[in-house]
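In my numbering, the protein residues as written are 6 to 194.
Positions of the beta carbon are idealized from the N, C-alpha and C atoms, including for glycine.
Since the model is a prediction, treat every value here as computed from it, not as a measurement.
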Ligand SMILES: CC(C)(COP(=O)(O)OP(=O)(O)OC[C@H]1O[C@@H](n2cnc3c(N)ncnc32)[C@H](O)[C@@H]1OP(=O)(O)O)[C@@H](O)C(=O)NCCC(=O)NCCS
């Protein structure tokens, strides 16, 4: 993944560490700046894997995220972006899984419980969408139980059968394939 073309602009609720971010894509692709005071977005590295496992574990338990093995995280670490808190701890993550020249999936989006509703997830989403645009992709999809998080920034609902590559890659092997409660959402880039 290239440098994340993202920077933050402090809005009305800024000024506190947990102020809401108003993230915009950098027009010139310059180095990333923090989307929130005290928070930095960066590409994931292999040494983040234990923290990613810890971050995702509670959401795997609730069924909001699919389980990922240590092997899978290591193998696909370049797909991940992480958000670091003020002391360098991983407080959020997300990944972009490319399926074709046109389509990628936003997956593994997670923000630590005590950092939720502070703009971190939105900042990660914006960074991954910027990355998808930089790759020249034409659409990104997500399968989610939190569609509102995506719909508010322009995603539309879709049928997961419209994405045979995704269905082929993951759904056919998923134990919830026939009783899936996730909603497919898609954003045209
Ligand atoms: C979904 C998730 C990544 C959002 O992260 P976040 O940092 O809390 O999101 P943000 O603060 O950027 O939220 C921005 C907006 O998205 C919407 N939103 C965020 N979380 C939401 C949720 N759980 N349900 C509905 N809308 C939500 C809200 O409109 C929110 O704005 P508001 O706080 O002003 O109302 C986080 O709740 C999470 O980690 N959930 C568990 C794992 C998961 O479900 N991942 C998604 C799988 S694809």
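(request) On a CA-only basis, which of 179, 97 and 49 is nearest residue 85? Give me that one, please. (result) Along the chain shown, one-based indexing puts residue 85 at 80. When only C-alpha atoms are compared, the closest one is 49.
(message) Under 8 Å, with one C-beta from each stretch per pair, do the region 128–138 and the region 184–191 reach the 3-pair mark?
(response) With the cut-off at 8 Å, the region 128–138 and the region 184–191 do not touch.
(request) Measure from the alpha carbon of residue 92 to the alpha carbon of each residue in 61, 56 and 44, then state which is nearest. (result) For the purposes of this step, residue 92 is identified with residue 87 of the chain shown, where counting begins at 1. For the residues 61, 56 and 44, the minimum Cα distance to residue 92 belongs to 44.
(request) Within 10 angstroms of the Cβ of residue 17, are there 16 or more other Cβ atoms? Answer buried if so, exposed if not. (result) Within the chain shown, the letter at position 12 stands for residue 17. Because the pLDDT of residue 17 is 28, which lies under 50, any placement of that residue in the model is unreliable, and the question is left without a value.
(message) As an exercise, report each continuous alpha helix (DSSP H) stretch of at least 4 residues that is fully enclosed by the region 61–138, in chain order.
(response) If only complete runs of 4 or more residues are kept, the region 61–138 shows the alpha helix (DSSP H) at 75–80, in order along the chain.
(request) Return helix, strand or coil for residue 50, following the three-state DSSP convention. (result) Taking the chain shown and counting its residues from 1, one reaches residue 50 at position 45. The answer is coil: DSSP assigns residue 50 none of H, G, I, E or B.
(request) Alpha carbon to alpha carbon, how far is residue 176 from residue 183? Give it in angstroms, no decimals. (result) Counted from its first residue, the chain shown places residue 183 at position 178. Counted from its first residue, the chain shown places residue 176 at position 171. Cα-Cα distance, rounded: 9 Å.
(message) Applying the 10 Å Cβ sphere with the 16-neighbour rule, what's the burial state of residue 149?
(response) In the chain shown, counting from the first residue as 1, residue 149 sits at position 144. When all chains shown are included, residue 149 counts as buried.
(message) According to DSSP, simplified to helix, strand and coil, what is residue 162?
(response) Here residue 162 refers to the residue found at position 157 when the chain shown is read from its first residue. Of the three classes helix, strand and coil, the one that applies to residue 162 here is strand, per DSSP.
(request) Measure from the alpha carbon of residue 100 to the alpha carbon of each residue in 82, 106, 108 and 191, then state which is nearest. (result) In the chain shown, counting from the first residue as 1, residue 100 sits at position 95. Measuring from the Cα of residue 100, the nearest candidate turns out to be 82.
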